[in-house]
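Novice:
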Amino acid sequence: MYVKTIICISCSPSRGRNSDSMLDAFIRGVRTVSLVRADKLYLEDIAIDTYSFENRNGPTSHEGAFNNLIEKLRYAQGLVIATPTYNFSVPAHLKNFIDRIRFLALDFHEKNKLAQPTGKLGHLYTYFLVSGGTPVWAQKILFFAFPPFWLRGVFVYFGSRYVGSRYSGDLETFNNRKILRACERAGVRYARRVAYGETKGILSRIFWRPPQQDI
Ligand SMILES: Cc1cc2nc3c(=O)[nH]c(=O)nc-3n(C[C@H](O)[C@H](O)[C@H](O)COP(=O)(O)O)c2cc1C
Numbered sequence: 099m100y101v102k103t104i105i106c107i108s109c110s111p112s113r114g115r116n117s118d119s120m121l122d123a124f125i126r127g128v129r130t131v132s133l134v135r136a137d138k139l140y141l142e143d144i145a146i147d148t149y150s151f152e153n154r155n156g157p158t159s160h161e162g163a164f165n166n167l168i169e170k171l172r173y174a175q176g177l178v179i180a181t182p183t184y185n186f187s188v189p190a191h192l193k194n195f196i197d198r199i200r201f202l203a204l205d206f207h208e209k210n211k212l213a214q215p216t217g218k219l220g221h222l223y224t225y226f227l228v229s230g231g232t233p234v235w236a237q238k239i240l241f242f243a244f245p246p247f248w249l250r251g252v253f254v255y256f257g258s259r260y261v262g263s264r265y266s267g268d269l270e271t272f273n274n275r276k277i278l279r280a281c282e283r284a285g286v287r288y289a290r291r292v293a294y295g296e297t298k299g300i301l302s303r304i305f306w307r308p309p310q311q312d313i
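Numbering of the sequence shown is given in this note's numbering, commencing with residue 99 and proceeding in unit increments.
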């Protein structure tokens, strides 16, 4: 049976802390769903040179681990990014990773109405897990100054499907069972979406009828 692969990238340098724990809980949820496989990796384990004109077309010969990640992303169906908020944005190595996948993510031969390259990541269902030091109520008001907003913008530009994001403003998220449980439930919903495609509401699940030919 065809199993769909979800690449889960933990981007905080602080392992076992907030965003990493959110990701672990999310993956626990994902793994309760059949037909999907979650592969977790730490972005800091992968050496990636800073973007430059010379490396614009992909990993260079000494970037073997980065090349492996690119190959996984080519064939995966899901991408989950877990990251802390750093200075209204994401840690530098995550930003650089996103800069470097430009060659994979954009088609420079096909431009849209704004003369921008079109996205090539339509095969990826994306989800973002973000930790920060700002309470949720303030993050909701200042949403544009936090990674879920920016990450969503970039990956939609890259053509991928946005499934959702979760933000936690608790500095001890790793101890917060309520938030971790919510991440786990989000993982289940996300995995179902990846496994079965577009989500179906309860009514359409009951009444949905497979495509059939009229005679
Ligand atoms: C360099 C640095 C910059 C930060 N900038 C922000 C920020 O702009 N907004 C915010 O809400 N929290 C900020 N924080 C707080 C972290 O996002 C917060 O501690 C988060 O829970 C860390 O997640 P982690 O344990 O997954 O690394 C910053 C922390 C550091 C170390």
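Just so you know, even glycine gets a beta-carbon here, dropped at the ideal spot from N, CA and C.
Note the first and the last residue of the continuous alpha helix (DSSP H) segment covering GLY267.
Specialist: Where GLY267 is concerned, there is no enclosing alpha helix (DSSP H), given that its DSSP letter is neither H nor E.
Novice: Apart from the five residues on each side of it in sequence, which residues of its chain come closer than 6 Å, Cβ to Cβ, to TYR140?
Specialist: SER108
Novice: How is SER108 classed by DSSP in three states: helix, strand or coil?
Specialist: strand
Novice: Using 8 Å as the threshold, is the region 281–292 in touch with the region 258–269, meaning 3 or more CB pairs across them?
Specialist: The answer is yes - the region 258–269 touches the region 281–292, with three or more Cβ pairs under 8 Å.
Novice: Going along the chain, which residues of its own chain have a beta-carbon closer than 8 Å to the beta-carbon of LYS209, five neighbours each way excluded?
Specialist: PRO215 and THR216
Novice: Could you tell me if the beta carbon of ARG115 falls within a distance shorter than 8 Å of some heavy atom in ligand 1?
Specialist: yes
Novice: Between ALA123, TYR225 and ILE104, which has its C-alpha nearest LEU167's C-alpha?
Specialist: For LEU167, the closest of ALA123, TYR225 and ILE104 by C-alpha to C-alpha distance is ILE104.
Novice: Using C-beta distances below 7 Å, list every residue in its chain close to SER119, excluding the 5 sequence neighbours before and after it, in chain order.
Specialist: The residues are THR271, PHE272 and LEU278.
Novice: How would you write the range of the beta strand (DSSP E) that GLU208 sits in, first residue to last?
Specialist: 204–209
Novice: Please list the terminal residues of the continuous alpha helix (DSSP H) segment that includes PRO245.
Specialist: 245–255
Novice: Can you grab the Cα-Cα spacing for the pair SER110 / THR148, in whole Å?
Specialist: 18 Å
Novice: Report the CB separation of PHE247 from PHE253 in whole angstroms; it is logged as a contact under 8 Å.
Specialist: The Cβ separation is near 11 Å, so there is no contact.
Novice: What does the alpha-carbon distance come out to for the pair ARG129 and ALA280?
Specialist: 15 Å
Novice: Do LEU171 and TYR223 count as a contact pair if the criterion is CB distance below 9 Å?
Specialist: no
Novice: Please classify ALA236: is it buried, with 16 or more other beta-carbons within 10 angstroms of its beta-carbon, or exposed?
Specialist: exposed
Novice: Check whether the Cβ of PRO182 sits closer than 8 Å to any heavy atom of ligand 1, and report yes or no.
Specialist: At least one heavy atom of ligand 1 is nearer than 8 Å to the Cβ of PRO182, so yes.
Novice: At what residue ranges does the region 107–165 contain a whole run of the beta strand (DSSP E), taking only runs of 3 or more?
Specialist: Listed in chain order, the beta strand (DSSP E) elements of length 3 or more contained wholly in the region 107–165 are 134–140.
Novice: Starting from ALA190, trace the alpha helix (DSSP H) in both directions and tell me its first and last residue.
Specialist: 190–198
Novice: Note the first and the last residue of the continuous beta strand (DSSP E) segment covering VAL228.
Specialist: 223–229
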